[in-house]
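I have placed the structure first, in the form of structure tokens, so that the comments after it can refer back to it.
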Amino acid sequence: MTSSRNFALIPAAGVGARMGTAFPKQYLPLAGKAMLRHVLDTFAACSAITHTFVVVSAEDGYIADMMTIAPALKDRVTVLYQGGESRHLSVLNGLKAIGNLLTNDDWVLVHDAARPGLTVALIEHLIDALHDDAVGGLLALPVVDTLKRSEVLDDRKPDTTGTRVRETVSRTALWAAQTPQMFRYALLHRALVSALDGAKPITDDASAVEMLGLQPKLVEGSPSNFKVTLPHDVALAEMFLRGKV
Ligand code: CTP
Ligand code: MG
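For the record, in the sequence shown the residue sitting at position 82 is 82 according to our numbering, with numbers rising by one throughout.
Right, dumping it as structure tokens:
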């Protein structure tokens with residue numbers, strides 16, 4: 001088992017609706033290069049990663065140019081034009097596309113294109129913590145803020161500023177999930193297929209594994225590995241990326 005290889009799979013087929021830019025947020029320039037390029041460069045620089053696959057939408061008109069200006073990525077990254085309608089489907093399409101290249105026991109590290117603050121050290125930390133694990137796991141951070149649940153005035157916008165507190169939620173044993181999320185190929189594939197039948201949409205890979213009754217391991221991540229989601233996240237991401245080592 002310990003001889004299993006490590007592959008990266010980057011879902012990058014979203015539109016970035018909450019960012020509100022005219023083009024998908026993964027192509028937003030940050031500290032001199034596109035958000036997605038930061039992620040691909042980091043995986044390419046990590047010797048523990050055998051190869052990286054990036055899933056973009058079939059209509060993506062940006063990635064070809066990005067790959068042209070980054071010749072060092074040519075042998076380290078393969079682009080799959082097979083994005084789905086959700087992150088869940090983009091990851092599953094990617095797994096199906098690479099199924100004949102991986103063994104069932106190879107590890108897949110699924111990482112959001114929208115987390116450019118990932119470092120080689122964090123990837124190595126995750127692999128070190130999980131390479132012998134029976135289930136797999138994810139980077140995550142213990143929640144430090146006091147949590148409030150608000151009254152839901154509008155089902156479509158439950159997090160609108162100005163709504164009032166319904167209750168304070170205990171943060172004991174709560175973690176904020178990050179990526180990469182690292183599982184063996186066959187387990188992750190089975191989990192994502194069986195989660196297609198679930199009533200609730202799944203927003204990460206670990207939750208699909210949890211639905212099989214398994215308990216992914218939590219491995220401490222870093223605040224710099226946050227998900228760039230809203231316009232105000234851009235300045236913070238640039239700050240972290242300019243200082244990135
Ligand atoms: N993603 C994907 N396919 C989709 C939707 C999302 O591959 N159909 C990817 C995004 O490109 C991103 C990651 O999943 O790398 C996390 O998603 P998120 O941060 O929500 O990005 P978007 O879905 O693009 O943003 P929004 O939800 O604001 O539209
Ligand atoms: Mg989304």
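Glycine included, each C-beta is placed from N, C-alpha and C at the ideal position.
Tell me the start and end of each unbroken alpha helix (DSSP H) in the region 78-110 that is at least 4 residues and wholly inside, in chain order.
Counting whole runs of 4 or more residues, the region 78-110 contains the alpha helix (DSSP H) stretches 87-98.
Rounded to the nearest angstrom, what separates H131 and A140 at their Cα positions?
H131 and A140 have their C-alpha atoms spaced approximately 17 Å apart.
Can you tell me which of the three DSSP states L28 falls into?
Coil, per DSSP.
Would L36 be called buried (16 or more neighbouring beta carbons within 10 Å of its own) or exposed?
Residue environment analysis places L36 among the buried positions, since at least 16 neighbouring C-beta atoms fall within 10 angstroms of its C-beta.
Would you say G32 touches the ligand MG, meaning its beta carbon is less than 8 Å from a heavy atom?
No, the Cβ of G32 stays beyond 8 Å of every heavy atom of the ligand MG.
When you compare each of D204, E124, G117 to S90 by their alpha carbons, which one comes out closest?
S90 has its Cα closest to that of D204, out of D204, E124, G117.
Is A177 near the ligand MG, with its Cβ less than 8 Å from a heavy atom?
Exclusion of A177 from the 8 Å shell around the ligand MG follows from its C-beta lying no nearer than that to any non-hydrogen atom of the ligand.
Rounded separation between E124 and F43 - CA only
Roughly 10 Å between the two C-alpha positions.
Cα-Cα, which of T179, L40, L196, R242 is closest to V110?
Each of T179, L40, L196, R242 was checked against the Cα of V110, and the nearest Cα belongs to T179.
Where E167 falls: helix, strand or coil (DSSP):
In the structure shown, E167 sits in a strand (DSSP, three-state: E or B).
If we ignore side chains and look at the alpha-carbon of each, how far apart do N225 and L236 end up?
Taking the straight line from one Cα to the other gives about 11 Å.
Helix, strand or coil: how does DSSP classify M1 here?
Confidence at M1 is low in this model, with a pLDDT of 44, below 50, so its placement is unreliable and the value that follows should be read with caution. Coil, per DSSP.
Stretch-stretch touch, CB-based, cutoff 8 Å, three pairs: the region 173-191 with the region 103-120
Judged by Cβ distances under 8 Å, the region 173-191 makes contact with the region 103-120, as three or more pairs qualify.
On the criterion of 16 or more Cβ atoms from any shown chain inside 10 Å, does R166 qualify as buried, or is it exposed?
Exposed, by the Cβ-count rule.
Report all residues from its chain with a CB closer than 8 Å to the CB of T21; omit the five preceding and five following residues, and keep chain order.
The beta carbon of T21 is closer than 8 Å to those of L28 in its chain, skipping five residues each way along the sequence.
Can you tell which of R242, A206, K227 has its C-alpha closest to the C-alpha of D217?
Contrary to the premise, residue 217 reads as Lys rather than Asp in this sequence. When each option's Cα is compared against that of K217, the closest is A206.
Excluding the five sequence neighbours on either side, which residues of its own chain have a C-beta within less than 7 Å of the C-beta of T163, listed in chain order?
Contacts found: S150, E151, L153.
Any heavy atom of the ligand MG closer than 8 Å to the CB of A129?
Outside the cutoff, so no.
Per DSSP, what are the beta-bridge partners of F23 in this structure?
According to DSSP, F23 bridges with nothing at all.
Checking the sheet assignment: what are the DSSP bridge partners for E220?
Looking at the DSSP assignment, E220 forms a beta bridge with A140.
Tell me, please, which residues DSSP counts as bridged to S207.
For S207, DSSP records no beta bridge to any residue.
Pick helix, strand or coil for P180, following the three-state DSSP scheme.
Three-state result, P180: strand.
Keeping to the same chain, check which residues put their C-beta closer than 6 Å to that of L275; ignore five residues upstream and five downstream.
In the structure displayed, the chain extends from 1 to 245; residue 275 sits before or after that span and is not available.
Give me the Cα-Cα distance between R5 and G243, rounded to the nearest whole angstrom.
One Cα belongs to R5, the other to G243, and the distance between them is close to 30 Å.
I need the straight-line Cα distance from A97 to Y62, nearest angstrom please.
Just so you know, the alpha carbons of A97 and Y62 end up roughly 21 Å apart.
Looking only at DSSP bridge pairs, what is N6 linked to?
In the DSSP assignment, the residues bridged to N6 are W107.
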